[in-house]
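Residue numbers (our numbering): 7 to 209.
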């Protein structure tokens, strides 16, 4: 491939990443209000306010040593609530890549996570960014930006075919998880701290 052809390919990728938004056929829009945590669980809300990479879907998981729980698929403009047991979790997002975020959850609280797209080689990659309850944090629940994110995103939940999709792709998802987990395991503790939801971040 010559330089001119490569530039054309890159331009096409850029257009695809910044173009129209599509919704996953495995998720269903809901008109309900925000999920409320019970005294025995926490709620984690995964928000994707950015339209960048809008044609690419991001699937989210609550990972474990023995098995992973499929949370759902988050499209651009979506927000998805997940009822989680209190305690320590490692959440994962998968698209072209896999990426991770630590969460220490208290029962009875709601936590928020930004499903953040970024440029990849051929399609968007994603990271999970904790939204803190500290007004001094870059991403925080006290900011006007966060309130705008809540207003511009719509609630979704898993549709009838979502879990079947996961079962059909579970082995590929697990393989990608283990591949990117090597990079995560080498990450500095200070960098992991920036990718951690703390108990006090819940509201």
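Every residue gets a Cβ at the ideal spot worked out from N, C-alpha and C, and that includes glycine.
(Q) So the candidates are 47, 42 and 96; which of them puts its Cα closest to the Cα of residue 198? (A) 96
Q) Quick one: what's got a C-beta closer than 7 angstroms to residue 178's C-beta in the same chain, skipping five residues either side? A) none
Q. Closest to residue 112 by CA distance: which of 85, 102, 195 and 47 is it?
A. 47
Q.
Could you tell me the alpha carbon to alpha carbon distance between residue 44 and residue 204, rounded to whole angstroms?
A. 19 angstroms
Q. Residue 55 to residue 72, Cα distance in whole Å?
A. 32 angstroms
Q | residue 75 versus residue 98 - alpha carbon distance | A | 10 angstroms
Q) Where does residue 196 land, buried or exposed, given buried means 16+ other C-beta within 10 angstroms? A) exposed
(Q) Helix, strand or coil, according to DSSP, for residue 46 in the structure here? (A) coil
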